[in-house]
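Protein chains in written order, with the numbering used here: chain A, 1 to 197; chain B, 198 to 394; chain C, 395 to 591; chain D, 592 to 788.
Heads up, the thing below is written out as structure tokens.
Number of protein chains: 4
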Amino acid sequence: MNVQSDTRRNMDKRQQILEATADLIAEQGLHSCPMAMVAKHACCGAGTIYRYFETKEELVQQLFLHLTEVMASHCMNGYDESAGVKLRFYSFWGNFYRYMLEKPRDRALMEQLSASPAISELQREEALKPMNKALTMLLTDGKQQQLIKNLPDAVLTTMTFGSLTMMAKKLQLSPQMFPQAVQPDDLLNLCWDAIKA
Amino acid sequence: MNVQSDTRRNMDKRQQILEATADLIAEQGLHSCPMAMVAKHACCGAGTIYRYFETKEELVQQLFLHLTEVMASHCMNGYDESAGVKLRFYSFWGNFYRYMLEKPRDRALMEQLSASPAISELQREEALKPMNKALTMLLTDGKQQQLIKNLPDAVLTTMTFGSLTMMAKKLQLSPQMFPQAVQPDDLLNLCWDAIKA
Amino acid sequence: MNVQSDTRRNMDKRQQILEATADLIAEQGLHSCPMAMVAKHACCGAGTIYRYFETKEELVQQLFLHLTEVMASHCMNGYDESAGVKLRFYSFWGNFYRYMLEKPRDRALMEQLSASPAISELQREEALKPMNKALTMLLTDGKQQQLIKNLPDAVLTTMTFGSLTMMAKKLQLSPQMFPQAVQPDDLLNLCWDAIKA
Amino acid sequence: MNVQSDTRRNMDKRQQILEATADLIAEQGLHSCPMAMVAKHACCGAGTIYRYFETKEELVQQLFLHLTEVMASHCMNGYDESAGVKLRFYSFWGNFYRYMLEKPRDRALMEQLSASPAISELQREEALKPMNKALTMLLTDGKQQQLIKNLPDAVLTTMTFGSLTMMAKKLQLSPQMFPQAVQPDDLLNLCWDAIKA
DNA sequence: AATGAATGAGTCTTCATTCAT
DNA sequence: AATGAATGAAGACTCATTCAT
């Protein structure tokens, strides 16, 4: 077996553990996720987890990093940096919202990990930096063209992020509160109206 | 000692326990909050807690209920049901946002409990019903007067709630992201622009 | 129940735990002494141990302190500070040797703990200070009267301690090596001849 | 590759493992010496150790045997069986004491292993038999010539061994207890005075 | 023969809950 | 009614040993 496939196998095992952890945290919460159960779901012994992650805390942190990477890549899917401000806004946040809707597990995971003391606020900021790069350019352009309110990027981003995140959560956890279908475009319009100049 | 003072004393003790629990959860997270420490902070024995709350889970649920009641009463502070739609909107959500800002402990608590598996989604809905009553009237009026987008109340409420909540969180946990002061009115304008027709 | 008896009860429990630990370490070695087994032998739950000792390490250290106190008090039993140098020497080390012989458990315990990394060399020195006080006076007197070799106290003490300790060990663990009875006085004579001027 | 070199390589590997184990036990104690760490220090895989030693227990026993062989050979270095009793005594125990002083690792190792339940008292006796052969002759001669006290060999040997061993330990672990240099000859004189008739 | 990833039994420690006082 | 000592089940983590490559 060559190095390539060795790496592959290890990556697979590591990935299996991350997936198992993700499933369990999303379903039961960060508590109710003993290492023994992670091991069972990852089809490995408990000790094996510790070959890939030093402690449970590190496992959770690595999971968070992995999650934000996946999320960022979804947001940037088909993103055209040369498109107009409004189009870019709808593309980015549309991708984000659809991802949250389509992957309830990842949405729940993000919620759990965002409130977890296992992850520091600094780590959270670092993890989200890649995502923020595209947004900063978008908002700078928008403000220059006077299409977007002249407020700090962090405000515009935080409020859009907060509203879409909360919507996705409510739709998943309390669907009966929304008897009629909610169109994603309605929400994006709402977010755009919020920040537009 | 008469019944009155007994009840009083009990209420005090119960309240002390709730306060101690609130402090500990907000500071350390739901997990680093053993009953023995709650007892210590509430200046009572561990067994005493169980005279007021059957289990730790119930304690947390009661705390959540208490928290939402306080929050609702803050939101309704000086609220004039006969005022105009926009004024009512600014009054309600201004109260909400200022409460979140001024009581970081309660904001952190709300975040912890909102993500806790100790509280079911149903309980969360029930707890927020009182708050939603005023909002439903406000939004109904707004839609009738064509001041507000014709979207389900739950959508309009969720997104406003989500954006203001996330803003308060970020301001408290990552203040360095906001070098210039953020005016509450700017945020309320942003929320109003989002939902206005 | 008054404070006196409360203290008593706690002391009893603490003592029980120390005794159980002593028995197990002496019999099986410092390893093979899991907290669960200590608890079983002390007739208490595993958690109870942690009300009296913060960690297993501290339990072992406290046990060592206790052991040296008992040993010191045995050595000083009937010790007459105003007696002659040789008499005092025979009294002190005779007491010591008889204690080691009569309490094989404590002898084994001392051996285990003396080699344990759970106890630092500094702690060992501190624990033995009380014993050394009497010896220092004895040796100073002896040297002044030119009854004892003019070597550092630490040398005279260490070698006497070492030889008697090793003898007690061998007698207990390899009795077949000593087909004829070994008289304690022979050993004390041997030690006295070693250090006498 | 022929049998000779195979054997040679194996011996080397076996030796490496023993050395690695010796270093780790002496430095950290018998307990902080996991097989994986032994393997790392011996520059081999963990599984390889099991080609040379059936279990960890056997590894430790073999290490003890090896250690006593080395110790015995040091003691017999330049030993002249035809020399006088006193000279032989000083030669043997001088060698022993210098070895203990010059190889603190081996001294620490001997202490750890002497207290370890991994090695039975029978094994300890067996391992020390070679050393005792020379001593028996020496003591027999000494007693015949009435130079040495008429006590069992085991007593005379045990007490000399115990005092020199303890001295070497104290000098290495608590050097500050001996502000002035301690001359080995002073200690040998002391031991000789102890046993001489 | 050598490797080191995988295993899971065993260890220390925490903490919700009970109950004797 | 109030207390807090006692409990033991549950959880994170370690490590001797095995075995597929």
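Idealized CB from N, CA, C, for every residue including glycine.
In chain order, 506 place their CB closer than 7 Å to the CB of residue 423 (chain C), counting only its own chain and leaving out the 5 sequence neighbours on each side. Under DSSP, residue 148 (chain A) shares a beta bridge with A:196. At the C-beta level, residue 363 (chain B) and residue 159 (chain A) come within 8 Å of one another. Taking CB atoms only, residue 460 (chain C) has no neighbour in chain D less than 8 Å away.
C-alpha of residue 179 (chain A) to C-alpha of residue 349 (chain B): approximately 9 Å in a straight line. Judged by their CB atoms, residue 521 (chain C) and residue 458 (chain C) are nearer to each other than the 8 Å cut-off.
Listed in chain order, the non-local C-beta contacts of residue 472 (chain C) below 8 Å within the same chain comprise 485 and 489, local neighbours out to five positions each way being set aside. Annotation for residue 641 (chain D): the continuous alpha helix (DSSP H) segment containing it runs 637 to 643. With respect to the 8 Å criterion, residue 524 (chain C) and residue 566 (chain C) are not classified as neighbours on the basis of their beta carbons.
Short of 8 Å from the beta carbon of residue 571 (chain C), and not among the five residues preceding or following it, lie these beta carbons of its own chain, in chain order: 564. Residue 97 (chain A) sits close to residue 184 (chain A), with the two beta carbons spaced by under 8 Å. Interface criterion not met: the Cβ of residue 486 (chain C) is under 8 Å from no Cβ in chain D.
Measuring C-alpha to C-alpha distances from residue 418 (chain C) to each of C:409, C:468, C:432 and C:585 identifies C:432 as the nearest.
Contact of residue 316 (chain B) with chain A is not assigned, every C-beta pair being separated by 8 Å or more. Along the segment 354 to 374 of chain B, going in chain order, the ones with a CB nearer than 7 Å to a CB of chain A are 355, 356, 358, 359, 360, 362, 363, 364, 367, 370, 371 and 374. Of all C-beta pairs linking the segment 777 to 784 of chain D to the segment 580 to 589 of chain C, three or more are shorter than 8 Å, placing the two stretches in contact. Non-local beta-carbon contacts of residue 500 (chain C) in its own chain, meaning distances under 8 Å to residues more than five positions away in sequence, involve 416, 420, 461, 464, 465, 493 and 494 in chain order.
Residue 412 (chain C) is not a Cβ neighbour of residue 479 (chain C), given a cutoff of 8 Å. Secondary structure note for residue 574 (chain C): it is in no alpha helix (DSSP H), with a DSSP letter that is neither H nor E. DSSP places residue 175 (chain A) within a helical segment (H, G or I) once states are collapsed to three.
Listed along the chain, the chain A residues whose CB falls inside 8 Å of the CB of residue 210 (chain B) amount to none; the nearest CB is some 27 Å away. By the rule that beta-carbons nearer than 8 Å mark a contact, residue 182 (chain A) touches chain B.
In this structure, the CA atom of residue 526 (chain C) is about 19 Å from the CA atom of residue 755 (chain D). DSSP places residue 491 (chain C) in the uninterrupted alpha helix (DSSP H) bounded by 479 to 496. A straight-line Cα-Cα distance of about 43 Å links residue 576 (chain C) and residue 626 (chain D). Short of 8 Å from the beta carbon of residue 259 (chain B), and not among the five residues preceding or following it, lie these beta carbons of its own chain, in chain order: 215 and 250.
For residue 151 (chain A), at least one C-beta of chain B is nearer than 8 Å to its own C-beta. When only Cα atoms are considered, residue 550 (chain C) and residue 569 (chain C) end up about 27 Å apart. Non-local beta-carbon contacts of residue 513 (chain C) in its own chain, meaning distances under 8 Å to residues more than five positions away in sequence, involve 454, 455, 458 and 507 in chain order. In this structure, the beta-carbon distance from residue 351 (chain B) to residue 273 (chain B) does not fall below 8 Å.
For residue 706 (chain D), the neighbours in chain C by C-beta distance under 8 Å run, in chain order, 423, 505, 506, 508 and 509. For residue 126 (chain A), none of the residues of chain B pass the 9 Å Cβ criterion, the least Cβ distance being about 11 Å. Taking 8 Å as the cut-off, the beta carbon of residue 611 (chain D) is found closer than this to the beta carbon of residue 633 (chain D).
Inter-residue distance for residue 734 (chain D) and residue 727 (chain D) is about 10 Å (C-alpha atoms, whole angstroms).
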